[in-house]
Amino acid sequence: MTDNVIFTKYIEALKKYFSIREIIPQRYGVKLIGTFYPGYGATHIKEIYDASATITIVPFLYREKEEIVIELKAIANKTIRQRPIINVILFVLTLATTYFAGLMFGGVLKAIIFSLSIIIILGGHELGHYFVCKYYNIPATLPYFIPAPFTLIGTFGAVIRMGGLIPSRKEVIEVGIAGPIVSFLLSIPAAFIGLHYSTIVPASSTQGIKLGDSLIFLLLTYLVKGETSPGTEIMLHPLALSAWIGFFVTALNLLPLGQLDGGHILYGFLTRNRKYVVYPVAGILFLLGFLWQGWWFWLFLILLLGFKHPPLVDEISPLIKRDKFLLIFALLMFILSFVPVPFQLIFY
Numbered sequence: 004m005t006d007n008v009i010f011t012k013y014i015e016a017l018k019k020y021f022s023i024r025e026i027i028p029q030r031y032g033v034k035l036i037g038t039f040y041p042g043y044g045a046t047h048i049k050e051i052y053d054a055s056a057t058i059t060i061v062p063f064l065y066r067e068k069e070e071i072v073i074e075l076k077a078i079a080n081k082t083i084r085q086r087p088i089i090n091v092i093l094f095v096l097t098l099a100t101t102y103f104a105g106l107m108f109g110g111v112l113k114a115i116i117f118s119l120s121i122i123i124i125l126g127g128h129e130l131g132h133y134f135v136c137k138y139y140n141i142p143a144t145l146p147y148f149i150p151a152p153f154t155l156i157g158t159f160g161a162v163i164r165m166g167g168l169i170p171s172r173k174e175v176i177e178v179g180i181a182g183p184i185v186s187f188l189l190s191i192p193a194a195f196i197g198l199h200y201s202t203i204v205p206a207s208s209t210q211g212i213k214l215g216d217s218l219i220f221l222l223l224t225y226l227v228k229g230e231t232s233p234g235t236e237i238m239l240h241p242l243a244l245s246a247w248i249g250f251f252v253t254a255l256n257l258l259p260l261g262q263l264d265g266g267h268i269l270y271g272f273l274t275r276n277r278k279y280v281v282y283p284v285a286g287i288l289f290l291l292g293f294l295w296q297g298w299w300f301w302l303f304l305i306l307l308l309g310f311k312h313p314p315l316v317d318e319i320s321p322l323i324k325r326d327k328f329l330l331i332f333a334l335l336m337f338i339l340s341f342v343p344v345p346f347q348l349i350f351y
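Heads up, the numbering used here is the position in the sequence shown plus 3, with the first residue counted as 1.
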């Protein structure tokens, strides 16, 4: 069966629900412009899927001005290959590198506490994405930890690979926000306990790297330690440092750019209009680079990966109140966790 015959079959099936005003041939499919008949919508389009085929014709739905666009594209069905042995090897290596990084606190016990807590927080972040993907039948791998020997914390975090298509705005929002919610919530008790065991020392003895304070970390510090005297600093316990990193990673991932978690969440809310947020945020990040040059590095990485977001199958179905609540919660987590100047070199 030729491509033209395949697309003709799907176009004929669509005519039951969709009034087609114009058909525009494209390189890998067909673009249909029109409107739904009364009583029909995006949910009815799922009836024409042929997911069992080697090549699936997928209808991508989005708005173009006042009209609905359905792009029929031939998509090869792909599966994500699980490589558990690689997951295990990277996990063990990251346990080792974070342990050796934790030795800077002095003592084996503190190194173990740092290693386990940072892995639980960062791994929990990625497992949040993973389990939501599994819930919605979106192919995804288990987390791949990234060991980073001879660095301050011993790891560059963890990642998962996702495959297939994300069905709608609801799914991309929930997949995007799941990781930050887990790392944010895990960091709160870690901070409470870690700050309890942290010590207050004279500022003159804390030469080196000074960590900036997020609003959430300032609040937790005040609740645990109260007001600190002028000329003093808090020497963080390894568990408290893991919590600080957890909040920092949460904020980084919630930046509404590119393939970051915040970029997925933003796409779920604004879809193809997200540029009105993306470019101003990128500009602010560039300006913040004059306060901490690390923002320029992160902006470069984001630009390298690209601001483009893969399309969703259904970009026209309306969001429900729960989705809007998740946006508010994402904004709250970002505001509480963000640190304009995360690191400073201090010399007394």
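Idealized CB from N, CA, C, for every residue including glycine.
Values in this document were obtained by computation on a predicted structure and should not be read as measured data.
Note down, in chain order, each residue of its chain lying with its Cβ closer than 6 Å to the Cβ of residue i, except the 5 sequence neighbours on either side.
{"i": "Tyr65", "result": "Val72, Glu318"}
{"i": "Tyr1", "result": "Beyond the ends of the chain as shown, which are 4 and 351, falls residue 1; an answer cannot be given."}
{"i": "Gly126", "result": "Pro146, Ala161"}
{"i": "Phe21", "result": "Gly37, Phe39"}
Please name the residue in the options whose C-alpha comes closest to that of residue i.
{"i": "Ile180", "options": "Lys19, Leu335, Val342", "result": "Leu335"}
{"i": "Phe341", "options": "Leu125, Pro321, Trp298", "result": "Trp298"}
{"i": "Leu322", "options": "Gln29, Pro41, Ala45", "result": "Ala45"}
{"i": "Asn256", "options": "Asp264, Gly249, Phe250", "result": "Asp264"}
{"i": "Phe250", "options": "Val316, Leu329, Pro345, Ala206", "result": "Pro345"}
{"i": "Gly266", "options": "Leu330, Ile237, Pro205", "result": "Leu330"}
{"i": "Ile203", "options": "Lys18, Ile92, Ala99, Glu230", "result": "Glu230"}
{"i": "Pro41", "options": "Gln29, Lys19, Ile60, Ser118", "result": "Lys19"}
{"i": "Pro170", "options": "Ser186, Ile196, Val111, Ile141", "result": "Ile141"}
{"i": "Tyr270", "options": "Val227, Leu315, Leu96", "result": "Leu315"}
{"i": "Ile78", "options": "Ala285, Glu129, Ile9", "result": "Ile9"}
{"i": "Lys327", "options": "Phe148, Leu96, Pro150, Ile176", "result": "Ile176"}
{"i": "Lys324", "options": "Pro313, Phe272, Tyr282, Leu306", "result": "Phe272"}
{"i": "Leu258", "options": "Val95, Tyr282, Ala243", "result": "Tyr282"}
{"i": "Ile268", "options": "Ile196, Pro241, Lys213, Phe337", "result": "Phe337"}
{"i": "Ala333", "options": "Val91, Phe187, Gln29, Ser201", "result": "Phe187"}
{"i": "Trp247", "options": "Lys213, Arg277, Tyr279, Lys278", "result": "Lys213"}
Take residue i and list the residues in its own chain whose beta-carbon comes closer than 7 Å to its own, dropping the five residues that flank it on each side.
{"i": "Ile184", "result": "Gly131"}
{"i": "Cys136", "result": "Ala143, Met165, Val178"}
{"i": "Arg275", "result": "Tyr65"}
{"i": "Ile219", "result": "Phe250, Leu339, Ser340"}
{"i": "Leu189", "result": "Ile123, Ile124, Gly127, Gly249"}
{"i": "Ala285", "result": "Leu260, Leu302"}
By the DSSP assignment, the alpha helix (DSSP H) with residue i in it spans what residues?
{"i": "Val135", "result": "111–138"}
{"i": "Thr82", "result": "That residue, Thr82, is in no alpha helix (DSSP H); it is neither H nor E in DSSP."}
{"i": "Ile23", "result": "Element bounds for Ile23: not the alpha helix (DSSP H) but the beta strand (DSSP E), 21–29."}
{"i": "Thr154", "result": "No alpha helix (DSSP H) holds Thr154; DSSP gives it neither H nor E."}
What residue does the beta strand (DSSP E) around residue i start on, and which one ends it?
{"i": "Glu74", "result": "70–79"}
{"i": "Ala161", "result": "158–162"}
{"i": "Ser171", "result": "Note, Ser171: premise wrong, no beta strand (DSSP E); not H, not E."}
{"i": "Val342", "result": "Neither: Val342 is in no beta strand (DSSP E) and is coded neither H nor E."}
{"i": "Leu2", "result": "Because the chain is modelled from 4 through 351, residue 2 falls outside the range shown and cannot be assessed."}
{"i": "Pro87", "result": "Counting along the chain, Pro87 falls outside any beta strand (DSSP E), though it belongs to the alpha helix (DSSP H) covering 87–105."}
{"i": "Thr202", "result": "202–205"}
{"i": "Ile141", "result": "First-last for Ile141: undefined, no H or E at that position."}
Exposed or buried, residue i, counting other C-beta atoms within 10 Å across all chains shown (16 or more means buried)?
{"i": "Ala194", "result": "buried"}
{"i": "His199", "result": "exposed"}
{"i": "Ser245", "result": "buried"}
{"i": "Thr224", "result": "buried"}
{"i": "Thr158", "result": "buried"}
{"i": "Leu239", "result": "buried"}
{"i": "Tyr13", "result": "buried"}
{"i": "Ile375", "result": "No statement about residue 375 is possible, as the shown extent of the chain runs from 4 to 351 and does not include it."}
{"i": "Cys261", "result": "Reading off the sequence, residue 261 comes out as Gly, not Cys. Flag for Gly261 reads buried."}
{"i": "Ser217", "result": "buried"}
{"i": "Lys173", "result": "buried"}
{"i": "Ala56", "result": "Residue confidence is low: Ala56 scores 49 on pLDDT, short of 50, so the model does not pin down where it sits. No coordinate-derived value is stated."}
{"i": "His232", "result": "Rather than His, the amino acid found at residue 232 in this sequence is Ser. The residue is exposed, with fewer than 16 neighbouring Cβ atoms inside 10 Å."}
{"i": "Thr82", "result": "exposed"}
{"i": "Val61", "result": "buried"}
{"i": "Glu2", "result": "Residue 2 lies beyond the stretch modelled for the chain, which goes from 4 to 351, so this question has no answer here."}
{"i": "Ile89", "result": "exposed"}
{"i": "Gly105", "result": "buried"}
{"i": "Val33", "result": "buried"}
{"i": "Thr154", "result": "exposed"}
{"i": "Thr362", "result": "Given a span of 4 to 351 for the chain in the structure shown, any question on residue 362 remains unanswerable."}
Given residue i, which residues of its chain have a CB within under 8 Å of its CB, disregarding the five upstream and five downstream residues?
{"i": "Pro87", "result": "Leu145"}
{"i": "Ile23", "result": "Ile14, Leu17, Leu35, Ile36, Gly37"}
{"i": "Gly292", "result": "Trp298, Trp299, Leu302"}
{"i": "Phe134", "result": "Ala181"}
{"i": "Pro343", "result": "Gly215, Leu291, Leu294, Trp295"}
{"i": "Ile149", "result": "Leu93, Thr97, Thr158, Phe159, Gly160, Ala161, Val162"}
Report yes if the C-beta of residue i is less than 7 Å from at least one heavy atom of the ligand GTP; otherwise report no.
{"i": "Tyr282", "result": "As presented, the structure is devoid of all ligands, the ligand GTP included, so that no description of it is given."}
In the stretch 227–281, which residue ranges form an unbroken beta strand (DSSP E) of at least 3 residues, counting only runs that do not cross its ends? 235–238
At 4 residues or longer, what runs of the alpha helix (DSSP H) sit wholly inside the stretch 289–344? 297–308, 324–340
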